[in-house]
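Q:
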Amino acid sequence: MSGFSKLYGSIVHSTVWREPHTTRIVWITMLALADAGGYVGASLPGLADAARVTREECEAALGSFLAPDPDSRSKDHDGRRIEIVDGGWVLLNYAAYRAGRDPEVRRQQNRDAQARYRDRQPRKPDVSQAQPISAHAEAEAEAEADQDPPVSPPAGDDAAAPLSTPTKVRKRKPNATSRPEDWKPTKAHQDYAATHGLDVQHEAPAFCAHHDSKGNLFVSWDSAFTTWLANQARWDRRRAPAPGLREHAERTGAANVERPVVPRSSEVRPRVATLKEALSPDYQAAIPSLSAIWGRR
Numbered sequence: 001m002s003g004f005s006k007l008y009g010s011i012v013h014s015t016v017w018r019e020p021h022t023t024r025i026v027w028i029t030m031l032a033l034a035d036a037g038g039y040v041g042a043s044l045p046g047l048a049d050a051a052r053v054t055r056e057e058c059e060a061a062l063g064s065f066l067a068p069d070p071d072s073r074s075k076d077h078d079g080r081r082i083e084i085v086d087g088g089w090v091l092l093n094y095a096a097y098r099a100g101r102d103p104e105v106r107r108q109q110n111r112d113a114q115a116r117y118r119d120r121q122p123r124k125p126d127v128s129q130a131q132p133i134s135a136h137a138e139a140e141a142e143a144e145a146d147q148d149p150p151v152s153p154p155a156g157d158d159a160a161a162p163l164s165t166p167t168k169v170r171k172r173k174p175n176a177t178s179r180p181e182d183w184k185p186t187k188a189h190q191d192y193a194a195t196h197g198l199d200v201q202h203e204a205p206a207f208c209a210h211h212d213s214k215g216n217l218f219v220s221w222d223s224a225f226t227t228w229l230a231n232q233a234r235w236d237r238r239r240a241p242a243p244g245l246r247e248h249a250e251r252t253g254a255a256n257v258e259r260p261v262v263p264r265s266s267e268v269r270p271r272v273a274t275l276k277e278a279l280s281p282d283y284q285a286a287i288p289s290l291s292a293i294w295g296r297r
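Going by the working numbering, the residue at position 274 of the sequence shown is 274; the numbering climbs one at a time, nothing skipped.
1) Going residue by residue through the stretch 47-133, where are the continuous alpha helix (DSSP H) segments of at least 4 residues, counting only ones entirely within it?
2) Assuming the contact rule is C-beta atoms closer than 8 Å, Leu-91 and Asp-76 should be a hit. Round their C-beta distance to whole Å, please.
3) Kindly indicate the opening and closing residues of the alpha helix (DSSP H) around Tyr-8.
4) Within 10 angstroms of the Cβ of Ala-67, are there 16 or more other Cβ atoms? Answer buried if so, exposed if not.
5) Which residues in the same chain as Gly-215 place their Cβ atom closer than 6 Å to its Cβ, once the five residues preceding and following it in sequence are excluded?
6) Measuring CB atoms only, is the stretch 44-54 touching the stretch 69-86, in the sense that at least three cross pairs come out at less than 8 Å?
7) Output the boundary residues of the alpha helix (DSSP H) element that contains Val-26.
8) Return yes when the Cβ of Gly-88 is within less than 9 Å of the Cβ of Val-40, no when it is not.
9) Quick one: give me the first and last residue of the beta strand (DSSP E) that Val-40 is part of.
10) Cα separation between His-196 and Tyr-97?
11) Restricting to Cα atoms, I'd like to know which of Ala-36, Gly-37, Asp-35, Ser-64 is closest to His-21.
12) For Glu-19, which residues from the same chain have a beta carbon less than 7 Å from its beta carbon, with the 5 sequence-adjacent residues on both sides left out?
13) Looking only at DSSP bridge pairs, what is Thr-177 linked to?
14) For Arg-116 and Leu-7, what's the separation of their Cα atoms in angstroms?
15) For Ser-14, which residues of its own chain have a beta-carbon under 6 Å away from its beta-carbon, when the five flanking residues on both sides are left out?
16) Would you kindly work out how many angstroms separate the C-alpha atoms of Leu-229 and Glu-59, rounded to a whole number?
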């Protein structure tokens, strides 16, 4: 079923906006009829009726959408906008535009999520609100007012300084933000990657694509990329073959250079028992109990 389609303001700068007005109307109509996957299910006369254009004008518009466009901003599919499928057409690059989110939308969604989280938290009583004074407390206040006023401390150098309660200054935590458009790896990132055998030109786009697709926010994007590089270096070490295993594979021509699988102790104990039975009684008396040794490990 059809739903909604995002209409970016940048459409007025696209090449489709240079087409005749009937072609633009057909394009907007197809955006409105497309489902979540970009599929427009309609016949040629049905699409023309929906766009309120003639059949000939609809055919001309579809021909423009099916043809390559060398001036298109998107170089995918040679600039073509649609392709013919069974029962209608599919809008190319529709999923990418539908999934796109501008930074302001991401920030607003993050603010709304934080507001919903605060609303779910139990509220603390507001101590600043005035509470009704009991009759006993009111009587004590009147008795203190009838007494002699307190003597003021002497003025001058001998006067005692008033006691003040130190106010604890609470540092404000910086807000997490989306990735700046001009962000790029620093010289420290390049040195770290070179030291650990990583390629910054490969890791930086992967890092940006991963976090942009999830709408992640960070206080420091430089620190986040440093953590990304450290994780990649740790995973590369885990995937590396055991020392000397690659040289052995090159000498023997073995194709598999993965780390050997170490058998569990539960798999080794039956083999030890079989080995003990195969030994002669003299050897069994001379060698300590292998089962006891394995039991302590």
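Here a beta-carbon is modelled for each residue, glycine too, at the ideal position from N, C-alpha and C.
Everything numeric in this text was worked out from a predicted model, so none of it was measured.
A: Well, looking at it:
1) 55-66, 94-99, 103-120
2) In fact, because the Cβ distance is near 12 Å, the residues do not count as touching under 8 Å.
3) From DSSP, Tyr-8 is part of no alpha helix (DSSP H); its letter is neither H nor E.
4) exposed
5) Arg-106
6) no
7) 21-33
8) yes
9) 39-41
10) 37 Å
11) Ser-64
12) Ser-64
13) Phe-218
14) 28 Å
15) none
16) 52 Å
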